[in-house]
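Heads up: the structure comes next, in structure tokens.
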Amino acid sequence: MHIIESGNVAAAQGVKLSRAQVIAAYPITPQTPLTEKLSEFIESGEMDAQYVPVESEHSALAVCIAASSTGARAFTATSANGLLYMHEQIHWAAGARLPLVMCVVNRGVGAPWTIWNDHQDSISQRDTGWIQIYVNDHQQIIDGVIKAFMLAEEVMIPVMLCYDGYLLSHTYMPFEVPGQEQVDAFLPPYKPAYALDPAHPANLNTVTLPEVRVDAKGRTAHGYMEIRYLLQEDMQGAIKVMSRVEERFKEHFGRGGNPHYETYRCEDARFIAVSMGSLSYHLREVIDSLRDDGIKAGIMSIHLYRPFPAQVIAQGLEGAEGVVVFEKALSYGYEGALCSDVKAALYTFNGSRKKRPFVHNYILGLGGREIKTTDLYEAFKDTCLNNGKADVGLKWIGLKI
Amino acid sequence: MKNDKIDIRWHGRGGQGAITAAKIVAKAMFASGYAGVVMVPTFGTERRGAPVFTSLKISKEKIYNLSPIDKPDIIVVLDHVLLEEENILSGLKEDGLIVVNSPCSIDDYRFDGRKVAICDVSTLSVKAGLPEGMVNSGIIGAFAFASTIIGMEALVEAIKEEFSDRRPDNNAQAALLAYENTIIGG
Amino acid sequence: MGTRQYGHKTSHSEPGPGDGGRTGSWRVARPILDANACIPAKRGTAACFICWLYCPDGVITRTIPPGIDYEYCKGCGICAEECPTKAITMVEESCFILTEERKR
Numbered sequence: 001m002h003i004i005e006s007g008n009v010a011a012a013q014g015v016k017l018s019r020a021q022v023i024a025a026y027p028i029t030p031q032t033p034l035t036e037k038l039s040e041f042i043e044s045g046e047m048d049a050q051y052v053p054v055e056s057e058h059s060a061l062a063v064c065i066a067a068s069s070t071g072a073r074a075f076t077a078t079s080a081n082g083l084l085y086m087h088e089q090i091h092w093a094a095g096a097r098l099p100l101v102m103c104v105v106n107r108g109v110g111a112p113w114t115i116w117n118d119h120q121d122s123i124s125q126r127d128t129g130w131i132q133i134y135v136n137d138h139q140q141i142i143d144g145v146i147k148a149f150m151l152a153e154e155v156m157i158p159v160m161l162c163y164d165g166y167l168l169s170h171t172y173m174p175f176e177v178p179g180q181e182q183v184d185a186f187l188p189p190y191k192p193a194y195a196l197d198p199a200h201p202a203n204l205n206t207v208t209l210p211e212v213r214v215d216a217k218g219r220t221a222h223g224y225m226e227i228r229y230l231l232q233e234d235m236q237g238a239i240k241v242m243s244r245v246e247e248r249f250k251e252h253f254g255r256g257g258n259p260h261y262e263t264y265r266c267e268d269a270r271f272i273a274v275s276m277g278s279l280s281y282h283l284r285e286v287i288d289s290l291r292d293d294g295i296k297a298g299i300m301s302i303h304l305y306r307p308f309p310a311q312v313i314a315q316g317l318e319g320a321e322g323v324v325v326f327e328k329a330l331s332y333g334y335e336g337a338l339c340s341d342v343k344a345a346l347y348t349f350n351g352s353r354k355k356r357p358f359v360h361n362y363i364l365g366l367g368g369r370e371i372k373t374t375d376l377y378e379a380f381k382d383t384c385l386n387n388g389k390a391d392v393g394l395k396w397i398g399l400k401i
Numbered sequence: 402m403k404n405d406k407i408d409i410r411w412h413g414r415g416g417q418g419a420i421t422a423a424k425i426v427a428k429a430m431f432a433s434g435y436a437g438v439v440m441v442p443t444f445g446t447e448r449r450g451a452p453v454f455t456s457l458k459i460s461k462e463k464i465y466n467l468s469p470i471d472k473p474d475i476i477v478v479l480d481h482v483l484l485e486e487e488n489i490l491s492g493l494k495e496d497g498l499i500v501v502n503s504p505c506s507i508d509d510y511r512f513d514g515r516k517v518a519i520c521d522v523s524t525l526s527v528k529a530g531l532p533e534g535m536v537n538s539g540i541i542g543a544f545a546f547a548s549t550i551i552g553m554e555a556l557v558e559a560i561k562e563e564f565s566d567r568r569p570d571n572n573a574q575a576a577l578l579a580y581e582n583t584i585i586g587g
Numbered sequence: 588m589g590t591r592q593y594g595h596k597t598s599h600s601e602p603g604p605g606d607g608g609r610t611g612s613w614r615v616a617r618p619i620l621d622a623n624a625c626i627p628a629k630r631g632t633a634a635c636f637i638c639w640l641y642c643p644d645g646v647i648t649r650t651i652p653p654g655i656d657y658e659y660c661k662g663c664g665i666c667a668e669e670c671p672t673k674a675i676t677m678v679e680e681s682c683f684i685l686t687e688e689r690k691r
């Protein structure tokens, strides 16, 4: 059944269909309509869940952590400064290996205060041990939420599903809402290996010594470092698990199939743009114009950002002469985070080749600065024609300084 | 205006329901075979009365560009007072159309040779039994008559569905009255 | 011309008209003051000025009679509500549109 609704409603529908049991959230633009919709679903009885209104995002995630620890499927959503407010808990949820799903409706962070879209909020959380997926349209939002629960519960790592504030959250477009029976057949109920249980009491995530120790039953228990190693190991493993989830989704619903990234006109591309989110779709027009000009361009839109599927990304880019990374965030003091990750992947997996593509970085759209198709076109064309011989430093599009 | 790609910009005031009007047209167009519809509202500080606009892009194929409309084919104005204040007609194509909710005469409007459609939606909406100021259903009728891109049947259905628990018949009636009382000029 | 010469490196907003744009365009009704009912106007001296005091946007001047800056007045209606003599009434904005200025 197709409906025309906003990205936030798409997300809410996905959460309802996934039968989330506990929602704890605090409103923040541009996420608010998502949580409002969920509370409406619960109030009307359409969704059988408990909505816990909290006084802050820090508490929102705390409640989700607690709920998940008891074996309930928990969800929250936030943006920007709300995400930052729960930062400590974000690290906690990952280290506690809880399969939470959180929608991050991307918005820039203060100071200065902004309510408009960019990716700094979620990008700044890339080191926390959460899986991060960026989606490009409303269909990918609703499908992404359902897949996220499956992936999270399979690897026991929390998942952040990121979509652009306003550009996706508040725009309307048609998307298909799968039937409940269809989703139930795809996503089984949450069954953790351990959930808080008075019959089997345990102390979760206590102070853990630097060294391994022998526990009350004579087993050698992890030290802090082993626990963190396992998170990394399972994060890496999630790259393959995501492929399986995607395959399974395609079997059940007949769409999808791009677990790590999706491409447009990359087959014979000399120059490949790399980006995430709705910008990837916006760039298609630019690719078409460049192709009309005789420049073989293509775009790789990355969906799975953490874990970073470095090998497949490097493979997807190695045939190109140049790679141009367009980003709506950066690691201040250096360059765009995605750009650094792409360069590292090419360095690691192309090490034996003499010719690696050049990699250029453009920062744009911060704080919702309008992204004009003509500006994208000029910048990309400029880089292609100069064959990457221009300055190596990162460049900005749409800056008015 | 090619019928495979149509860009319509809706201008109103915060709280007037321009977004709902655009959404209704989007649903009707989608139902009649236009696979690509996106509706992009102005984002940001919201307040009743502030000028807002929403971009409705319609196409036979999926639309990938979510930028606001620069060069509209059609501009719909829910409050004629807006014509005075902001440059809301910027970018209108040469063969473009302007649809305005206004009590004034069609002769008062000249827009460099563009087609203009006037309808006193405010008055007709009250006649249809709606409270004063509710013009977002009526304006759809004026739009349909002037643009001829979609018939009233599909729109009335979409209107009744959108307003299913808020006077669906009055809203549909407002649109029908507006359809029958829109004057084209320019 | 770019913003390089702005001076501050942070977002820095100072009090004064216009920092939020031409908010007068948000109006759907405007306050009209009737000097015959206005206390300072009738007495010819500084008095009352409750409208000036209550205006949330500071667009009313403490003059005799008080002046209203329609560039920025948002038409909130608080001045009309608070005026003790009901000297201020809210009038629909569309009444002020010049009907002859419609040609382009």
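Chain order of the listed sequences is A, B and C.
First residue of the first sequence? That's 1 in the working numbering, and the numbers climb one at a time after it.
First residue of the second sequence? That's 402 in the working numbering, and the numbers climb one at a time after it.
First residue of the third sequence? That's 588 in the working numbering, and the numbers climb one at a time after it.
For every residue, glycine included, the Cβ atom is placed at its ideal position computed from N, Cα and C.
Does DSSP put Leu231/A in a helix, in a strand, or in coil? In the three-state DSSP reduction, Leu231/A falls in the helix class (H, G or I).
For Leu168/A, collect the residues of the same chain with a Cβ closer than 6 Å to its Cβ; drop the 5 residues on either side in sequence, then sort them by chain order. The answer, listed in chain order, is Gly7 and Ser278.
Determine the closest residue to Thr373/A out of Ile470/B, Leu493/B and Gly437/B, with distance taken between C-alpha atoms. In this structure, Ile470/B is the residue among Ile470/B, Leu493/B and Gly437/B with its C-alpha nearest to the C-alpha of Thr373/A.
Which chain C residues are close to Pro452/B, counting only those with a beta carbon under 9 Å from its beta carbon? The answer, in chain order, is Ser612 and Trp613.
In chain B, which residues lie less than 9 Å from Trp116/A when you measure between Cβ atoms? The contacting residues are Phe444 and Gly445.
Name, going along the chain, the residues of the region 460 to 488 of chain B whose beta-carbon falls closer than 9 Å to a beta-carbon of chain C. Against chain C - using a Cβ distance shorter than 9 Å - the residues of the region 460 to 488 of chain B are Asp480, His481, Val482, Leu483, Leu484, Glu485, Glu486 and Glu487.
Name the residue from Ile239/A, Gly336/A, Ser331/A and Lys217/A whose alpha carbon lies nearest to the alpha carbon of Ala152/A. Checked all of Ile239/A, Gly336/A, Ser331/A and Lys217/A; the closest Cα to Ala152/A is Ile239/A.
Assuming Val105/A and Ser124/A make a contact with CB atoms under 8 Å, what is their CB distance in whole Å? Their Cβ separation, rounded to whole angstroms, is 15 Å, which puts Val105/A and Ser124/A out of contact at 8 Å.
Contact check, Ala432/B vs Leu457/B, beta carbons under 7 Å: Contact flag unset, no.
Applying a beta-carbon distance threshold of less than 7 Å, which residues of chain C neighbour Arg448/B? Against Arg448/B, the close residues of chain C are Trp613, in the order they occur along the chain (beta-carbon pairs closer than 7 Å).
Looking at the C-beta of Thr672/C, does it have a partner C-beta in chain A at a distance below 7 Å? Not closer than 7 Å to any Cβ of chain A, the Cβ of Thr672/C fails to qualify, so no.
The region 108 to 116 of chain A contacting the region 127 to 147 of chain A, beta-carbon criterion three pairs below 8 Å: No, they do not touch.
CB-CB under 8 Å to Ser412/A, same chain, minus the five flanking residues each way: which ones, in chain order? Residue coverage of chain A in this structure runs from 1 to 401, which leaves residue 412/A outside it and unanswerable.
Residues from the region 409 to 427 of chain B in contact with chain C, defined by Cβ distance under 9 Å: Within the region 409 to 427 of chain B, the residues whose Cβ lies closer than 9 Å to some Cβ of chain C are Arg414 and Gly415, listed in chain order.
At least one CB of chain C closer than 7 Å to the CB of Asp382/A: is that the case? With respect to chain C, the C-beta atom of Asp382/A has no partner C-beta closer than 7 Å.
Among the residues of its own chain, which have a CB less than 6 Å from the CB of Arg97/A, if the five just before and after it don't count? Excluding residues within five positions, the ones whose Cβ falls inside 6 Å are Met156.
Secondary structure of Pro569/B, DSSP reduced to three states: Here Pro569/B sits in helix by DSSP.
Excluding five sequence neighbours on each side, which residues of the same chain lie with their C-beta closer than 8 Å to the C-beta of Gln180/A? Around Gln180/A: Leu17.
With DSSP as the reference, identify every bridge partner of Ser456/B, one or two as the case may be. DSSP output for Ser456/B lists Arg410/B and Val441/B as bridge partner(s).
Starting from the beta carbon of Lys400/A, find every residue of chain C whose beta carbon is closer than 7 Å, and list them in chain order. Correct list: Gly589 and Thr590.
Among Pro53/A, Gln120/A, Met150/A and Gln139/A, whose alpha-carbon lies nearest the alpha-carbon of Leu100/A? With distances taken between Cα atoms, Leu100/A lies closest to Met150/A.
Assuming Phe271/A and Glu321/A make a contact with CB atoms under 8 Å, what is their CB distance in whole Å? A Cβ-Cβ distance of about 6 Å is found for the pair Phe271/A and Glu321/A, placing them in contact under the 8 Å criterion.
Between Ile142/A and Pro259/A, what straight-line distance do the alpha-carbon atoms span, to the nearest angstrom? Spanning the alpha carbons of Ile142/A and Pro259/A requires a straight line of approximately 15 Å.
If we count Cβ pairs, one from each stretch, closer than 8 Å, do we get three or more for the region 663 to 681 of chain C versus the region 607 to 618 of chain C? Per the Cβ contact rule, the region 663 to 681 of chain C is in contact with the region 607 to 618 of chain C (3 or more Cβ pairs under 8 Å).
Taking the CB atoms as reference points, tell me whether Val500/B and Val482/B lie closer together than 7 Å. Contact: no.
Limits of the alpha helix (DSSP H) - the one that Asn350/A falls within: Unbroken run through Asn350/A: none, as it is neither H nor E.
I need the DSSP call for Ser600/C, collapsed to helix, strand or coil. Annotated three-state conformation of Ser600/C is coil, per DSSP.
Going by DSSP, what residues sit across from Ile397/A in a beta bridge? Note: Ile397/A is bridge-paired with Leu364/A in the DSSP secondary-structure output.
Would you list, in chain order, the members of the region 103 to 114 of chain A that have their beta-carbon closer than 8 Å to a beta-carbon of chain C? Result list: Ala111, Pro112 and Trp113.
When burial is assigned at 16 or more other CB atoms within 10 Å of the CB, is Phe683/C buried or exposed? Under this definition Phe683/C is an exposed residue.
Quick one: which chain B residues come within Cβ less than 7 Å of Glu680/C? The answer, in chain order, is Val482.
Label Trp113/A either buried or exposed according to how many other C-beta atoms from any shown protein chain fall within 10 Å of its C-beta, with 16 as the threshold for buried. In this structure Trp113/A is exposed. Its beta-carbon is surrounded by fewer than 16 other beta-carbon atoms within 10 angstroms.
Could you tell me the alpha carbon to alpha carbon distance between Pro473/B and Arg306/A, rounded to whole angstroms? Across the structure, Pro473/B and Arg306/A are spaced so that their CA atoms are roughly 40 Å apart.
Compare the Cα-Cα distances from Phe41/A to each of Pro158/A, Leu209/A, Ser280/A and Ile23/A and report the closest residue. Closest by alpha carbon: Ile23/A.
Tell me which residue opens and which closes the alpha helix (DSSP H) that Arg284/A is part of. Secondary structure note for Arg284/A: its alpha helix (DSSP H) is the uninterrupted segment Ser278 to Asp292.
Do the CB positions of Tyr224/A and Thr208/A come within less than 7 Å of each other? Yes, the Cβ-Cβ distance between Tyr224/A and Thr208/A is below 7 Å.
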